[in-house]
Amino acid sequence: MENDFEDNPSCAAGPIAALLLSTPTLAAEKAVTALLVGTPWIEAKAQSGLPGPMMIFLPKGKLLIDSCWETYALRTWKQLSPNELSWDEDGATIRAKIKAVSSDGLTLQITAGKDVVERTYAAAKAPYVCPDMKR
């Protein structure tokens, strides 16, 4: 016997199956999170021309942000949907759409207030040491 939920109106699972297939799934969110969490992401081609900041999305909603030029900061973050996340930065909520994520790259469209910028990050390779800064 074939399981064809859409063509069988007497089957209660039909509408439920259709609903599950038409909404973002927990599996999709977990797949994105698995690629995002635990990887040190370094901004590629930072505007300053210097090595860009590093972001590490940690489990339990913690985000470590560091750079070669500033002191590290531990923030909170959350995944709003399979392709959107936010973090707190000094009391301001920063929202970001995940434009692309893979094991070696991340592209975020970041919204801070009225500003919208796109940032591209590369997965850091170990060992990674900040270059000496000329003084």
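In the numbering used here, the protein residues as written are 2 to 136. Backbone N, C-alpha and C define an ideal beta-carbon position, used for all residues, glycine too.
CA-to-CA distance, residue j to residue i, given in whole angstroms
{"i": "Val114", "j": "Ile95", "result": "The residue you asked about is not Val; residue 114 is Gly in the sequence shown. Going by the C-alpha atoms only, they are around 8 Å apart."}
{"i": "Trp88", "j": "Arg76", "result": "7 Å"}
{"i": "Leu65", "j": "Trp78", "result": "10 Å"}
{"i": "Val33", "j": "Ala93", "result": "24 Å"}
{"i": "Pro128", "j": "Asn84", "result": "30 Å"}
Identified DSSP bridge partners for residue i
{"i": "Val102", "result": "Leu107"}
{"i": "Asp67", "result": "Met55"}
{"i": "Tyr122", "result": "Glu44, Leu107"}
{"i": "Ser49", "result": "In the DSSP output, where bridge partners are listed per residue, Ser49 has none listed."}
Close-in-space but distant-in-sequence residues of the same chain around residue i (CB under 6 Å, 5 per side omitted)
{"i": "Thr72", "result": "none"}
Beta-carbon contacts of residue i that lie in its chain and below 8 Å, excluding the five residues immediately before and after
{"i": "Tyr122", "result": "Trp42, Ile43, Glu44, Ala45, Gly53, Met56, Gly106, Leu107, Thr108, Leu109"}
{"i": "Pro132", "result": "Pro52, Cys69"}
7 Å CB neighbourhood of residue i in its chain, flanking five on each side removed
{"i": "Phe58", "result": "Leu37, Val38, Leu64, Trp78"}
Integer-rounded CB distance, given that residue j should sit under 8 Å from residue i
{"i": "Ser104", "j": "Ala125", "result": "Actually they are not in contact, since the Cβ atoms of Ser104 and Ala125 sit about 12 Å apart, beyond 8 Å."}
Practice task
Take every Cβ of the region 35-53, pair it with every Cβ of the region 98-105, and state whether three or more of those distances are shorter than 8 Å.
Solution key: yes
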